[in-house]
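Residue numbers (my numbering), protein chains in the order written: chain A, 1 to 421; chain B, 422 to 720; chain C, 721 to 999. Where a beta carbon is used, it is the ideal one built from N, C-alpha and C, also for glycine. Everything numeric in this text was worked out from a predicted model, so none of it was measured. Note sheet for the following structure.
Dropping the structure here:
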C-alpha cells in the first residue's frame with residue numbers, strides 16, 4: 001500500500017512539473033510538404049530549433065495529404081485544427097486563404113525588410129508574392145521545370161536532343177513502337193489539377209515568351225501559343241507516341257525517351273536507377289520559335305505562411321522564420337538534402353551554393369533555367385480552374401474527343417465563367 | 422381484480438425496463454440519425470463555404486445546379502456501367518463457384534469455401550494498392566498479355582477503367598456470394614429435380630426451370646448491393662484513378678468528397694448527397710419490381 | 721460415351737476449382753511476395769532473386785524523418801474497431817431483447833424504424849455528421865472516429881431475427897427462478913446466440929478495420945490515424961514510388977483480418993445463410 005501511495009505521489013509530482021514546464025513555453029504547429037526529402041530536411045531543422053529553444057517549441061508534422069495538401073489544409077482550417085505555420089503554399093492558394101482572412105502579413109513584424117535582404121529575396125518577394133501591398137508568403141524554393149531525355153537511346157539513334165515539336169514527331173516516326181513498350185514522350189494524363197502546371201501552363205509560357213496564361217480577370221491562353229501546343233499533344237496521342245497506360249518511372253525504365261521532370265527527381269533517380277543516363281533540356285517549342293531566343297519555363301515555387309491569430313504563437317513563428325531564413329546554412333542544407341533550388345537571388349553567385357552545384361551538374365542545369373522560370377499565374381481560384389482545364393481541355397484532346405481549337409475555346413468559356421463567379 | 426392489477430403493474434414495470442434497455446438506441450437514433458438527417462436537408466438549401474461564417478438561404482438553387490451539371494449524368498452513367506459489369510461478372514463467377522462446390526464431397530467443401538472467402542476480408546485500401554500495381558502498364562498482367570501481343574490500359578483507358586474496378590470488386594465478392602448461392606442450392610428440394618428427370622427434362626432445362634428461379638433472392642441481393650455500391654464507391658477510385666480518366670470512374674461519393682472537402686461547397690455537396698440517395702432508391706425500387714419474385718419468399 | 725464423360729467429370733471439377741482458387745488467392749500471394757522484394761524486381765519478375773526485409777524496416781521506421789508510428793497505428797485501428805464492435809454487440813442484444821422479448825410498447829414501430837435505418841444510404845449523413853463532430857470538438861479525437869458507429873441497426877435487426885426463434889418457456893422458467901431481465905440476457909440469450917454474435921463481431925470488426933473515408937475526414941492527427949488511412953496517405957501522398965513499401969503496408973493491413981476470419985470461419989459459414997443482408 002505504501003509503495004502504491006509513493007508511486008502515486010511521484011507521478012502526480014512529475015505531471016505537475018511537466019505541466020508547469022509546458023505553461024512557460026509556447027508550442028506552435030508546423031506543417032510541411034509531403035515529400036520524402038523535404039520531410040528528412042525539416043525533421044533535422046526542427047530538431048535543431050527545439051533543442052536550442054526550450055521555451056519556443058515546434059510541433060512538426062507532414063501535411064496529412066492523400067491527393068492534395070491544399071484540400072487537407074482547407075478542411076483542417078474549417079474544423080479549427082489547422083497549423084500555425086505551414087509550407088507548401090503556392091501563390092494562388094495563398095490568395096484564396098487571404099480572401100478568407102486566414103493569413104498573417106509578414107511585413108507587420110519587426111525586421112521584415114532586413115530579413116528579405118539577409119536572404120537575398122527582396123526582388124523575388126516584392127515582384128512575385130505581394131497582395132495589395134502586403135506580403136503573406138515567404139518563398140522557400142523555386143524549381144524550374146525541364147525536359148529529361150534518355151541519353152543512351154538518343155546516342156544510339158544518332159539523334160540530337162529534340163528542341164521543337166517537329167523534332168519530337170520526327171523522332172517518334174523513327175523510334176516509336178507501342179507493341180514493344182517503346183514510346184517517344186511521356187505526357188501525363190492524370191486528372192490531378194497540379195499536373196497541368198507541368199505540361200499545359202509550362203508549354204504556354206515557353207511558346208509565348210513567358211506571358212501568363214490567365215490573370216485575375218480572364219483567361220489568356222486561347223491563342224496561337226496554346227493552339228500550337230495542344231495540336232502537338234493531339235498529334236502525339238493520335239500517333240501513339242505518348243503512352244496511355246500508367247507506368248512507374250517510364251523514363252528511367254526506357255519506356256519513354258523524354259518527359260518533364262522537376263529537380264526533386266534527380267536524387268530519387270540516382271538512388272533507384274544509378275545506371276540511367278539523361279540530358280536535361282529546356283522546354284520544347286514550336287518549329288517556328290526563333291533559335292536564338294531564350295526559352296521560358298514554369299517555376300514550381302512554394303512558400304511559408306503564418307496562420308495563427310494568437311500573438312504569442314505569432315511571436316514564436318516569426319522568431320523561427322527569422323532564424324530559419326536568415327542563416328544561409330539552412331539554404332545550403334536544403335539544397336543538399338532536397339535538391340531543390342532555394343528562392344534566393346544569389347543562388348548562382350554565392351560560393352556556398354556554387355560548391356554544391358559544381359558537384360551536381362544535373363541541378364546546375366536547372367539553375368541555369370532560373371532567370372527564365374515563371375511562377376504560376378496568380379488567381380485565387382487556381383485549383384478550380386485547373387480542375388476544369390483538365391476536364392474541358394486536356395482530357396478531351398488526349399482521348400481525341402475534341403479538336404484542339406474547339407477544346408481551347410470551350411476551356412476559355414468555362415474557365416472565364418469560374419473566374420467571374 | 423387483484424391479479425389484473427398485478428399484471429398491469431408487471432407490464433408497466435417490464436415496459437420501464439424495456440425502455441431502459443432501449444434508451445441508448447433511442448438516444449442514438451435521435452441524436453446521430455434523425456438530427457443529422459434533418460440538418461443535411463437544411464444545409465442543402467444553403468450556400469455555405471465551410472470556412473466562412475456567412476451562410477445564406479438559396480433554397481432550390483443547389484438542386485438546380487446539381488441537375489444542370491453534366492457531371493451528374495456522367496456519374497449516373499458510370500454507376501450503371503458498374504452495376505451491369507459487376508452484376509454480370511459476379512453472378513457468373515459466384516454461381517459457377519457454387520455449382521462446382523456442390524459437386525465436391527462434403528468433407529472438402531469447407532476448404533474451398535474458406536479459400537474463396539479469403540479475398541472477401543481484404544481491405545479496400547490494401548487490395549486497391551495491390552491491383553494498381555498488378556494492372557500497371559508494365560505490371561504483371563500486361564507483361565503476360567504482351568506475350569500474346571496484347572496490352573490493356575486497365576485503369577487508364579476511359580472505356581474500361583470502370584469495368585476494371587468492377588472486376589476487382591468482383592474478385593472481392595465472388596466467394597461471399599458463392600456462399601449464398603451454395604446455401605440456395607442446398608435449400609432446393611432434390612425431389613424437384615427427380616420429378617423433372619422423370620418428365621424428361623435435360624440438365625439445361627432443369628437448371629433454367631428450377632435452379633435459376635429458386636436462386637432469385639441471391640440474385641436480387643447482388644443487384645441491390647451493386648446498385649448501392651456503385652454510387653458509394655470511394656476507396657477504390659480514390660486510391661487508383663482519382664475519378665479519371667475522362668471522369669470514367671467518378672462516383673457520387675468521390676464528387677461529394679471533392680465538392681465538400683476540396684472546394685468547401687457544403688450546400689452543393691449536401692444537395693448532391695440527397696439527389697444521389699433518391700437515385701439509388703429509384704434504382705433499387707425499379708430492380709426489385711423488375712426481378713423480384715414475391716411468391717418465393719416466406720419471410 | 722456417357723460413362724467416359726462421368727469419369728472425367730470430377731477431375732475437371734477439381735481442376736476448375738483449384739484454378740479459380742489460385743486466381744482468387746494470387747493477389748495475396750503476390751502482395752506478400754512483393755513485400756519481400758527489392759524495388760527493381762517487383763515489376764520485372766515474379767520470383768525474386770533475393771529476399772529483403774528492408775520494406776518492412778522502412779515502413780516500421782515510418783519514412784524519412786517524421787515519426788509515423790505504424791505499430792501505433794495498428795493499435796489505433798484496434799481501438800476504433802474493437803470499441804464499436806463490443807458496443808454494437810452489447811446494445812444490439814439489449815435493444816433486440818427489449819423489442820422482441822419484452823415487447824415494449826410500440827415495438828413494431830421500432831422494428832420497422834430499424835429496417836428503414838438500414839436502408840438509408842450513409843452518404844446522407846456524411847456532411848452533417850462531420851459538422852457535428854466539428855461543433856462538438858471531436859475532430860482529431862478517437863471519439864470522433866468512433867461515435868457514429870457505437871450502435872448499428874443492422875445488428876439489432878439480426879438479433880431480433882434470432883431472438884424470434886427462442887422459445888418463451890425458457891425465459892419464463894428463468895423469470896420464475898427470480899432472474900432479472902438483464903441476467904436473462906447475459907446468462908441465457910448470450911450463450912444461445914453464439915453464432916449470431918460471431919457474425920456480428922466479424923462483420924462489424926471488418927467494416928471498422930477497413931474503414932477509410934470517415935477517419936480520413938475527421939482525423940488529421942498522425943498519432944491517432946488508423947493503419948488504413950496512414951497507409952493510404954503514405955502511398956498516395958508521399959511515397960508513390962516505393963512499391964515494395966506499399967506492399968509491405970498492404971500486407972500489414974490485411975494480415976490481422978485474415979487471422980480473425982480464419983478463427984471465425986466456422987461461424988461465418990453457419991451464420992451467413994440466415995443473417996444474409998450485410999453488403
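**OP:** Show which residues of chain C have a CB atom less than 9 angstroms away from the CB atom of residue 562 of chain B.
**Re:** The contacting residues do not exist; residue 562 of chain B stays about 10 angstroms from chain C at best.
Original post:
Would you say residue 255 of chain A reaches chain B, if we count a Cβ-Cβ gap shorter than 9 angstroms as a contact?
Top reply: Answer yes: the Cβ-Cβ gap between residue 255 of chain A and chain B drops below 9 angstroms somewhere.
Subject >> Whole-Å CB distance - residue 394 of chain A paired with residue 258 of chain A, under 8 angstroms assumed >> reply: Wrong, their Cβ atoms sit about 19 angstroms apart, outside the cutoff.
Subject >> Neighbouring residues, chain C, relative to residue 691 of chain B (Cβ below 7 angstroms) >> reply: Correct list: 847.
Subject >> Endpoints, the beta strand (DSSP E) within which residue 144 of chain A is located >> reply: In the DSSP annotation of this structure, the continuous segment of the beta strand (DSSP E) that includes residue 144 of chain A starts and ends at 138-144.
Subject >> residue 363 of chain A beta carbon less than 9 angstroms from that of residue 263 of chain A >> reply: Contact: yes.
Subject >> Under 9 angstroms from the C-beta of residue 572 of chain B: neighbouring residues of chain A >> reply: Neighbours of residue 572 of chain B on chain A, chain order: 178, 179, 181 and 245.
Subject >> Nearest-angstrom beta carbon gap, residue 305 of chain A and residue 103 of chain A [assumed within contact, 8 angstroms] >> reply: The Cβ separation is near 5 angstroms, so the contact holds.
Original post:
Which chain A residues are close to residue 576 of chain B, counting only those with a beta carbon under 9 angstroms from its beta carbon?
Top reply: What residue 576 of chain B touches in chain A, judged by beta-carbon distance under 9 angstroms, is 245 and 246, going in chain order.
Original post:
Would residue 800 of chain C count as contacting chain A if we go by Cβ distances under 9 angstroms?
Top reply: Judged by the 9 angstroms Cβ criterion, residue 800 of chain C is not in contact with chain A.
Original post:
Nearest CA to the CA of residue 325 of chain A: which residue from A/41, A/145 and A/119?
Top reply: Nearest to residue 325 of chain A by C-alpha distance, out of A/41, A/145 and A/119, is A/119.
Subject >> Residues near residue 719 of chain B by beta carbon distance below 8 angstroms, same chain, minus five either side >> reply: Per-residue confidence for residue 719 of chain B stands at a pLDDT of 37, beneath the threshold of 50, marking its modelled position as unreliable; the derived number appears in the next sentence. No residues qualify anywhere along the chain.
Original post:
Hey, does residue 983 of chain C have any beta-carbon neighbour from chain B nearer than 9 angstroms?
Top reply: False, the Cβ-Cβ gap to chain B never drops below 9 angstroms.
Original post:
Using 9 angstroms as the limit for Cβ to Cβ distance, is residue 971 of chain C near chain B?
Top reply: The C-beta of residue 971 of chain C comes closer than 9 angstroms to at least one C-beta of chain B.
Original post:
Cβ of residue 283 of chain A within 9 angstroms of Cβ of residue 142 of chain A?
Top reply: Going by C-beta atoms, residue 283 of chain A is not nearer than 9 angstroms to residue 142 of chain A.
Original post:
Grouping DSSP H, G and I as helix and E and B as strand, with all else coil, what is residue 147 of chain A?
Top reply: In this structure, residue 147 of chain A counts as strand in the three-state DSSP scheme.
Original post:
So is residue 193 of chain A buried or exposed if we call it buried at 16+ other beta carbons inside 10 Å?
Top reply: That one is buried.
Original post:
Expressed to the nearest angstrom, what Euclidean distance is found between the alpha-carbon atoms of residue 476 of chain B and residue 246 of chain A?
Top reply: Near 43 angstroms, if we compare the C-alpha coordinates of residue 246 of chain A and residue 476 of chain B.
Subject >> Buried or exposed (CB count within 10 angstroms, at least 16 for buried), residue 948 of chain C >> reply: Buried: at least 16 other Cβ atoms inside 10 Å.
Subject >> Residues near residue 250 of chain A in its chain [Cβ-Cβ closer than 8 angstroms; skip 5 each side] >> reply: The residues are 183, 186, 243, 256 and 259.
**OP:** Given a cut-off of 9 angstroms, decide if residue 670 of chain B and residue 552 of chain B are closer than it, judged by their beta-carbon atoms.
**Re:** Not in contact: residue 552 of chain B and residue 670 of chain B (Cβ atoms no closer than 9 angstroms).
Original post:
Of all Cβ atoms in chain C, is any one closer than 9 angstroms to the Cβ of residue 308 of chain A?
Top reply: For residue 308 of chain A, the nearest beta carbon of chain C is not closer than 9 angstroms to its own beta carbon.
**OP:** Give the residues of chain B in contact with residue 399 of chain A, contact being defined as C-beta atoms less than 8 angstroms apart.
**Re:** Chain B residues near residue 399 of chain A: 579, 666 and 667.
Original post:
residue 939 of chain C: buried (16+ other C-beta within 10 angstroms of its C-beta) or exposed?
Top reply: Buried, since its Cβ has 16 or more Cβ neighbours within 10 Å.
**OP:** Following the continuous beta strand (DSSP E) through residue 299 of chain A, name the residue where it begins and the one where it ends.
**Re:** Element bounds for residue 299 of chain A: 297-306.
Original post:
Looking only at C-alpha atoms, which of A/229, A/78, A/381 and A/327 sits nearest to residue 403 of chain A?
Top reply: Cα-wise, what sits closest to residue 403 of chain A is A/229.
**OP:** Closer than 7 angstroms by C-beta to residue 72 of chain A: which residues in its own chain qualify, once you throw out the five before and the five after it? Chain order, please.
**Re:** Cβ contact annotation for residue 72 of chain A (same chain, cutoff 7 angstroms, sequence separation greater than five): 63, 64 and 65, in chain order.
**OP:** Indicate the three-state DSSP secondary structure (helix, strand or coil) for residue 979 of chain C in the structure shown.
**Re:** Residue state, collapsed to three classes: helix.
Original post:
Quick one: Cα of residue 654 of chain B to Cα of residue 821 of chain C, how far?
Top reply: A direct Cα-to-Cα measurement between residue 654 of chain B and residue 821 of chain C gives close to 38 angstroms.
**OP:** Taking only beta carbons into account, state which residues of the stretch 455-485 of chain B come closer than 9 angstroms to chain A, listed in chain order.
**Re:** Residues of the stretch 455-485 of chain B that bring their beta carbon within less than 9 angstroms of a beta carbon in chain A comprise 470, 471, 472 and 473, in sequence order.
Original post:
For residue 382 of chain A, which three-state DSSP category applies?
Top reply: Note: residue 382 of chain A maps to helix in three-state DSSP.
Original post:
Taking Cβ-Cβ distances shorter than 9 angstroms, what residues in chain B pair up with residue 966 of chain C?
Top reply: Those are 550, 551, 553 and 554, listed as they occur along chain B.
Subject >> the stretch 82-96 of chain A / the stretch 313-331 of chain A touching (three or more Cβ pairs under 8 angstroms) >> reply: For the pair of segments examined, the stretch 82-96 of chain A was found to touch the stretch 313-331 of chain A: the number of CB pairs separated by less than 8 angstroms reaches three.
Subject >> Nearest neighbour of residue 902 of chain C, chosen from C/755, C/944 and C/815 [CA to CA] >> reply: Comparing Cα positions, the closest option is C/815.
Subject >> Boundaries (first-last residue) of the beta strand (DSSP E) holding residue 252 of chain A >> reply: Premise fails: residue 252 of chain A is in no beta strand (DSSP E) and is neither H nor E.
Original post:
Could you give the distance in angstroms between the alpha-carbon of residue 650 of chain B and the alpha-carbon of residue 840 of chain C?
Top reply: Approximately 13 angstroms between the Cα atoms of the pair.
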